[in-house]
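In my numbering, the protein residues as written are 23 to 182.
The beta-carbon is built from N, C-alpha and C at its ideal position, and this holds for glycine as well.
Right, one structure below, let's go through it.
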Amino acid sequence: PKRHWDSLLAIVGHVTLIAGLWILGGFYTAFFVVLLPMTIASALGSYLFFAQHSFKGMHILPSDAWTYSRAALESSSYMQLNKVMQWFTGNIGFHHIHHLNVRIPFYRLPEVMDAIPELQSPVTTTLSPRDIRDCFRCCLWDEGHQRVVSYREASRLAAA
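Okay, structure coming up:
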């Protein structure tokens, strides 16, 4: 549609790039230059988004207790990343601050966290194998215990 012509342009550009590489260099060139890196980047981006909303200690607030600031601070996390990863991800690790105010530019998020004491003790995640494993185990919300649980924990709780 007319309103999203730039999306169509991006799709046409990507298809043209992949087709051109395939024609000029063969399948493996297209695969290793575009398809594989895009797949890896998409998977990592999806994980970063998922991990900042599904973690031990996350809260889903009932409507009578819900406030904008509590939802931002208790339902999204701070992912500790080194400076290089902060740069590559556009400071996505400062997700709790982003949820408080989406108008703060990504390059100002670290400054905001340093300047406001209330933002300096969020639930923290990392890219460590243990945190990644724990993140993927946070599958279901247990309303009775007000926490995320794994399928195994849910089965055990249901049997009790």
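In DSSP terms, what residue i is bridged to
i, result
"residue 100", "116, 146"
Where residue i falls, given that 16 or more other Cβ within 10 Å makes a residue buried
i, result
"residue 61", "exposed"
"residue 91", "exposed"
"residue 52", "buried"
"residue 100", "buried"
Limits of the unbroken alpha helix (DSSP H) element including residue i
i, result
"residue 27", "27-47"
"residue 163", "From DSSP, residue 163 is part of no alpha helix (DSSP H) but of the beta strand (DSSP E) over 162-164."
"residue 125", "Unbroken run through residue 125: none, as it is neither H nor E."
"residue 106", "105-111"
"residue 180", "173-181"
"residue 59", "58-73"
Which listed residue (the options) has its alpha carbon closest to that of residue i
i, options, result
"residue 2", "113, 170, 97", "Outside the shown range of the chain, which is 23 to 182, sits residue 2, and nothing can be said about it."
"residue 145", "120, 126, 165, 79", "79"
"residue 157", "147, 163, 166, 164", "147"
Residue i: first and last residue of the uninterrupted beta strand (DSSP E) it sits in
i, result
"residue 153", "Note, residue 153: premise wrong, no beta strand (DSSP E); alpha helix (DSSP H) at 151-159."
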